[in-house]
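The structure under discussion appears below in the form of C-alpha cells.
Residue numbers (the working numbering): 35 to 528.
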C-alpha cells in the first residue's frame, strides 16, 4: 500500500493514542486492584472489578486513583453510635447520685417535685489487693480438757504452700493469656500501682503448677473434641527457649475447633503428622484444614481411621489474592469466590434455611463454573507463576473444597479456627516466646480453657473464680463437669 506522508502521520497518531490508552488501562487496573486487594482486605466489589476492565464508565480525563477514591468514599457508611444504655450490660450495679437545686435545699416546703432529668456515665473501680485472714478458732471441751482441741480443718490451698487465692490466680492468668501482658509487666504494675511485690518467677511457677492441676479438665476437653463429628485444625508457630543453650527453638500450637463447642490447643516442638496422633485417635468424622501434608500423612499411617478431609476456601482465595497484580484471571476468580461467600453470608442471616439444600442449589453451579475456568486456564499460566500456583493449589484440593456443600454442619473455610489463633498471635508480640517446652504445654492448657470461654460467651473471670477453688478436690472422673461447655450448660439449667 502506498503510504503518503499524511496517512503515515495519521497512523502514527493513532498508534500513539492507542499506546496512551493501553497505558491508562494498565494504570487503572493496578489502581483498582491495589484498592480492592490491598493488605487490609481480601474483599472485592463486583462493580469496582468491572471498572478495572472497562473504560466506557469512567471519564478518561479523570485520573484512575481519583475516581477510585471518590467511589470508595461515597460507599463508606457512617457508623452510628448506640446510646450508653445499649452498650453496657443491664445487670451492672448502679450508683445513683441525686443533685438537688440550691433553691430547693434552701426552702424545700416551697417546691413540689414534678419529675426528673437523668444522665448516665460509666465509671470503674481499679483493681485492689487485700489480705484475707482465715481465722480458725480453737476450742477445748469444758467437760474434759484432756481431749485434743477442736478446730475447723484448714481449707485446701489451690497451689500447695502458696498464698495465691483463686482471685489472684485468675487475675494473673487473664492478664497473660487474655490481656496479653507478660509476667514482668504484671509484676511492674502490681508494684507501682498497688505496692504489692510478686516476682515474675513466682508468677511463672504458679502458672505452671496451676496448669498441672487444670490438666484434668484439659483432658476432658480432649474427649469433647474426639466425640464431635466435625473438626477444624490449624497450626501456628511459637518460639520456645532451650534452657542452657541460650537459643530458641521452633514449636507449634495446634488448635482443634469443634464449631459451637470446644477449642483445644495442643503444644508440640515439631510439625510432623505424629503430632496429630493423640487427639485424632478415635475421632470419626470430617477434618477441615489447609493443604499441609501432615494431614494426608496421618491418613496414610492410619488407613483405618474413619476420617474424611475437607479443604479451606479461605486458603484458596488467598492464593488468588497473592496473584492479583499478575493476571486479570486471578481477579476474576476472586469475584467468583466472592459469590460463594455471599451465599454463606445469606445463610448466616437466615439460620432456619437448610444449608445443604441452599448450597446444592446456589453454590454448586458456581463451583462447576470455577472448575471449568481453572482447567481451561491451567495450560495458559506457568506453574511457577503466582496465578499458576493458585490454580494448581485449588485443583489439587478440588474434591476436598467441594465437600462443604454436602454437609450442613460444615463451614466454607477454616476461619473460625484461625480466629481462635489470634489471641496467641497478639500475645507473641508481647511475650515473644515460651520460656521452655514445658511452658508451651502449660500455655496450651490455659489457652484451651480461655479461648473456649470466649467462643461460648462465658465470662472467663467468673469461670476461673468458680472452678479454681474446686481443683484440690477434683478427680479425673469429676473433671468433665467443669469444662467450659458443661459448666455453662449447668448454669443455664439452674
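Beta carbons: idealized from backbone N, C-alpha and C, even for Gly.
Coarse secondary structure for residue i, derived from DSSP in three states
{"i": "residue 512", "result": "coil"}
{"i": "residue 232", "result": "coil"}
{"i": "residue 276", "result": "strand"}
{"i": "residue 28", "result": "Outside the displayed range of the chain (35 to 528) lies residue 28, so it cannot be described from this structure."}
{"i": "residue 138", "result": "helix"}
{"i": "residue 489", "result": "helix"}
{"i": "residue 480", "result": "helix"}
{"i": "residue 169", "result": "coil"}
{"i": "residue 302", "result": "strand"}
{"i": "residue 53", "result": "helix"}
{"i": "residue 392", "result": "helix"}
{"i": "residue 414", "result": "coil"}
{"i": "residue 451", "result": "helix"}
{"i": "residue 212", "result": "coil"}
{"i": "residue 313", "result": "helix"}
{"i": "residue 386", "result": "coil"}
{"i": "residue 439", "result": "helix"}
{"i": "residue 334", "result": "helix"}
{"i": "residue 525", "result": "helix"}
{"i": "residue 237", "result": "helix"}
{"i": "residue 160", "result": "coil"}
{"i": "residue 125", "result": "coil"}
{"i": "residue 149", "result": "coil"}
C-beta contact flag for residue i and residue j at 8 Å
{"i": "residue 425", "j": "residue 370", "result": "no"}
{"i": "residue 480", "j": "residue 301", "result": "no"}
{"i": "residue 233", "j": "residue 249", "result": "no"}
{"i": "residue 325", "j": "residue 349", "result": "yes"}
{"i": "residue 498", "j": "residue 204", "result": "yes"}
{"i": "residue 391", "j": "residue 439", "result": "no"}
{"i": "residue 451", "j": "residue 337", "result": "no"}
{"i": "residue 532", "j": "residue 470", "result": "With the chain running from 35 to 528 in the structure shown, residue 532 is simply not present."}
{"i": "residue 453", "j": "residue 208", "result": "no"}
{"i": "residue 363", "j": "residue 411", "result": "yes"}
{"i": "residue 460", "j": "residue 214", "result": "yes"}
{"i": "residue 192", "j": "residue 517", "result": "no"}
{"i": "residue 283", "j": "residue 303", "result": "yes"}
{"i": "residue 312", "j": "residue 423", "result": "no"}
{"i": "residue 462", "j": "residue 272", "result": "yes"}
{"i": "residue 328", "j": "residue 310", "result": "yes"}
{"i": "residue 170", "j": "residue 188", "result": "yes"}
{"i": "residue 305", "j": "residue 286", "result": "yes"}
{"i": "residue 210", "j": "residue 202", "result": "no"}
{"i": "residue 382", "j": "residue 442", "result": "no"}
{"i": "residue 237", "j": "residue 259", "result": "no"}
{"i": "residue 344", "j": "residue 241", "result": "no"}
{"i": "residue 133", "j": "residue 156", "result": "no"}
Between the CA atoms of residue j and residue i - distance to the nearest angstrom
{"i": "residue 406", "j": "residue 331", "result": "29 Å"}
{"i": "residue 421", "j": "residue 360", "result": "7 Å"}
{"i": "residue 19", "j": "residue 308", "result": "The structure shown does not extend to residue 19, since the chain spans only 35 to 528, so no value can be given for it."}
{"i": "residue 296", "j": "residue 152", "result": "43 Å"}
{"i": "residue 508", "j": "residue 515", "result": "10 Å"}
{"i": "residue 368", "j": "residue 401", "result": "13 Å"}
{"i": "residue 229", "j": "residue 446", "result": "51 Å"}
{"i": "residue 158", "j": "residue 524", "result": "30 Å"}
{"i": "residue 333", "j": "residue 339", "result": "7 Å"}
{"i": "residue 147", "j": "residue 493", "result": "42 Å"}
{"i": "residue 293", "j": "residue 154", "result": "39 Å"}
{"i": "residue 342", "j": "residue 366", "result": "30 Å"}
{"i": "residue 199", "j": "residue 520", "result": "24 Å"}
{"i": "residue 172", "j": "residue 528", "result": "38 Å"}
{"i": "residue 473", "j": "residue 489", "result": "24 Å"}
{"i": "residue 183", "j": "residue 177", "result": "12 Å"}
{"i": "residue 385", "j": "residue 379", "result": "10 Å"}
{"i": "residue 149", "j": "residue 226", "result": "47 Å"}
{"i": "residue 419", "j": "residue 387", "result": "41 Å"}
{"i": "residue 374", "j": "residue 409", "result": "19 Å"}
{"i": "residue 513", "j": "residue 372", "result": "44 Å"}
{"i": "residue 416", "j": "residue 448", "result": "28 Å"}
{"i": "residue 253", "j": "residue 431", "result": "33 Å"}
{"i": "residue 196", "j": "residue 124", "result": "38 Å"}
{"i": "residue 179", "j": "residue 502", "result": "39 Å"}
Bridge-paired residues (DSSP) for residue i
{"i": "residue 320", "result": "264, 342"}
{"i": "residue 271", "result": "286"}
{"i": "residue 292", "result": "296"}
{"i": "residue 468", "result": "274"}
{"i": "residue 281", "result": "276"}
{"i": "residue 185", "result": "172"}
> Does the pairing of the region 244–264 with the region 312–327 give three or more beta-carbon distances under 8 Å?
Replying inline: yes
> Are at least three pairs of beta-carbons, each pair with one atom in the region 480–494 and one in the region 239–248, less than 8 Å apart?
Replying inline: Result yes; three or more Cβ-Cβ pairs closer than 8 Å.
> So does the region 131–145 actually touch the region 161–172, counting three or more Cβ pairs closer than 8 Å?
Replying inline: no
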